[in-house]
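Notes follow once the structure below has been shown.
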Amino acid sequence: MVPIKSSEITPEHIYLSRRKFLQAAGLFAANAVLLAACGRQPTPLATSPATSVVAAPSRDEADELSNALTPLATVLGYANYYEFTLNPTAVARLSQGFSTSPWQVAVGGLVNKPKTFDIDDLRTFEQEERIYRMRCVEAWAMVIPWFGFPLSRLLKEVEPLSTAKYVRFETLYDPDQMPGQKDRSFPWPYVEGLRMDEAMHDLTLLATGLYGSDLQPQNGAPVRLVVPWKYGFKSIKSIVKIDLVEEMPQSLWMATNPREYGFWANVNPEVPHPRWSQATERLIGENRRRETLFLNGYADEVAGLYPDLDLRDWYY
Ligand code: MTE
Numbered sequence: 001m002v003p004i005k006s007s008e009i010t011p012e013h014i015y016l017s018r019r020k021f022l023q024a025a026g027l028f029a030a031n032a033v034l035l036a037a038c039g040r041q042p043t044p045l046a047t048s049p050a051t052s053v054v055a056a057p058s059r060d061e062a063d064e065l066s067n068a069l070t071p072l073a074t075v076l077g078y079a080n081y082y083e084f085t086l087n088p089t090a091v092a093r094l095s096q097g098f099s100t101s102p103w104q105v106a107v108g109g110l111v112n113k114p115k116t117f118d119i120d121d122l123r124t125f126e127q128e129e130r131i132y133r134m135r136c137v138e139a140w141a142m143v144i145p146w147f148g149f150p151l152s153r154l155l156k157e158v159e160p161l162s163t164a165k166y167v168r169f170e171t172l173y174d175p176d177q178m179p180g181q182k183d184r185s186f187p188w189p190y191v192e193g194l195r196m197d198e199a200m201h202d203l204t205l206l207a208t209g210l211y212g213s214d215l216q217p218q219n220g221a222p223v224r225l226v227v228p229w230k231y232g233f234k235s236i237k238s239i240v241k242i243d244l245v246e247e248m249p250q251s252l253w254m255a256t257n258p259r260e261y262g263f264w265a266n267v268n269p270e271v272p273h274p275r276w277s278q279a280t281e282r283l284i285g286e287n288r289r290r291e292t293l294f295l296n297g298y299a300d301e302v303a304g305l306y307p308d309l310d311l312r313d314w315y316y
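Here it is in structure tokens:
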């Protein structure tokens with residue numbers, strides 16, 4: 001892992017104690033306006049006070065299955081972001097200085113009211129915290145407290161047409177800032193897609209922050225998708241374009257390696273990756289392996305989206 005300078009992170013105990021204060025005041029899960037009123041508008045981590053390195057998460061700071069939050073330093077220090085490097089421990093260093101201002105997200109395609117949102121427009125949507133498990137296709141997982149809002153709210157604003165069946169997302173293309181995009185073995189920019197009902201599901205989040213601060217470059221600043229029941233590669237970072245379309249979009253991974261990566265990518269312990277089993281996973285920070293949960297543990301919420309799909313096809 002890349003050593004994180006202590007000056008660059010909000011120590012978890014500060015984050016957690018702020019959260020406790022907000023909870024005690026009945027304000028937790030409040031919107032950005034309330035957070036601003038409490039003096040806790042998400043801010044860049046770099047401006048946070050430097051104290052000691054990360055403390056262990058307290059026992060009640062966990063997901064709904066009682067998994068402790070992954071330490072902030074791990075979330076920052078181990079990231080998949082091929083636009084910078086294929087080495088997850090080098091992304092933090094190589095993405096430092098990535099410019100996220102100004103930033104716009106153009107939302108269009110099969111909609112009544114196409115609109116380009118400045119990043120500050122996105123921050124006016126009521127923000128909330130969601131603690132989600134992130135399950136990478138490489139069989140590691142983390143538990144991350146995201147900050148953001150359901151994608152459905154953004155889509156409702158542009159008024160989808162009934163012909164819109166899928167949503168296509170695109171990452172910034174800027175090889176000068178993202179040196180990995182000079183690697184011609186990938187068809188840049190990074191593209192991902194969701195079916196319309198997946199995109200409208202309440203669990204599908206547009207995240208602008210994590211651990212109570214704005215997203216850092218390595219985690220997809222300034223805005224990314226988080227789809228917790230699908231393998232992590234669906235959770236596209238640094239989004240600049242969202243289009244509603246009629247045909248199933250082809251993702252970067254489908255174009256690069258269709259034998260190994262498909263559209264659905266729903267977490268499924270029964271369907272091995274062609275080169276490794278998906279039956280177990282390693283929660284980063286633990287030494288043991290655990291059993292992978294069907295739909296990453298979100299089956300109660302989302303299994304109903306797939307009544308007709310053959311489980312064996314879910315990977316593809
Ligand atoms: N988005 C873009 N644009 N580029 C990427 O390389 N990697 C994906 C996904 N989103 C990726 C991306 C993969 S493989 C994973 S597992 C998650 O981001 C990891 O998110 P994290 O690094 O914030 O944990």
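Numbering of the sequence shown is given in this note's numbering, commencing with residue 1 and proceeding in unit increments.
Backbone N, C-alpha and C fix where the C-beta goes; we use that ideal spot for every residue, glycine too.
The ligand MTE has a heavy atom closer than 7 Å to the beta-carbon of Ser235.
Counting of Cβ neighbours within 10 angstroms places Ala303 among the exposed residues, the total staying below 16. Shortest gap from the CB of Thr85 to any heavy atom of the ligand MTE: 7 Å or more. Residue state for Glu157 is assigned as helix, using DSSP reduced to three classes. With fewer than 16 other beta carbons inside 10 angstroms of its own, Glu64 counts as exposed. Straight across, the Cα-Cα distance linking Trp103 with Glu126 is about 19 Å. For Ala265, the CB contacts under 6 Å within the same chain, skipping 5 residues up- and downstream, are Lys230, Tyr231 and Lys234 in chain order. Taken in chain order, the whole beta strand (DSSP E) runs of length 3 or more contained in the region 148-225 are 166-171, 191-195 and 205-210.
Distance from the CA atom of Lys241 to the CA atom of Met200, rounded to whole angstroms, is 17 Å. Rounded to whole angstroms, the Cβ separation of Pro189 and Leu172 is 7 Å, and the two are in contact under 8 Å. Classified as exposed, Trp276 has fewer than 16 neighbouring CB atoms from the shown chains inside 10 Å of its CB. Following the DSSP letters along the chain, one finds Ile131 inside the beta strand (DSSP E) bounded by residues Glu128 to Arg135. Shown here, Asn80 sits in coil according to DSSP, grouped into three states, outside any helix or strand. For Arg93, the uninterrupted alpha helix (DSSP H) segment begins and ends at Val91 to Ser95. With respect to the C-alpha of Lys182, the residue from Arg289, Gln278, Glu157 and Phe84 having the closest C-alpha is Phe84.
In the DSSP annotation of this structure, Val111 is not part of any beta strand (DSSP E), being labelled neither H nor E.
Excluding the 5 residues flanking it on each side, Phe147 has same chain C-beta neighbours closer than 7 Å at Pro42, Gln127, Glu129, Ala207, Thr208, Gly209, Leu210 and Gly212, in chain order.
Inter-residue distance for Ile284 and Asn112 is about 43 Å (C-alpha atoms, whole angstroms). The distance from the Cβ of Glu246 to that of Leu110 is about 7 Å, consistent with a contact at the 8 Å cut-off. Contact check for Leu215 against Thr204 fails: the beta carbons are separated by 8 Å or more. Across the structure, Leu293 and Ala141 are spaced so that their CA atoms are roughly 11 Å apart. Residue nearest to Asp300 within the set Asp202, Pro249, Val226 and Glu61 is Asp202 (criterion: CA-CA distance). Secondary structure at Asn257: coil, using DSSP grouped into helix, strand and coil.
Per DSSP, Arg282 is one residue of the beta strand (DSSP E) stretching across Thr280 to Leu283.
Around the beta carbon of Gly97, a 10 Å sphere encloses fewer than 16 other beta carbons of the protein chains shown; the residue is thus reported as exposed.
Taking all protein chains in view, the Cβ of Pro272 is surrounded by fewer than 16 other Cβ atoms within 10 Å, so the residue is classified as exposed.
Residue pairing by DSSP places Lys237 in no beta bridge whatsoever. Ranked by Cα distance from Leu252, the options Pro269, Cys136 and Phe169 are led by Phe169. For Arg288, the secondary structure class from DSSP, reduced to helix, strand or coil, is coil. Burial is judged here by how many other beta carbons sit within 10 angstroms of a residue's own beta carbon; Asp243 has at least 16 and is buried.
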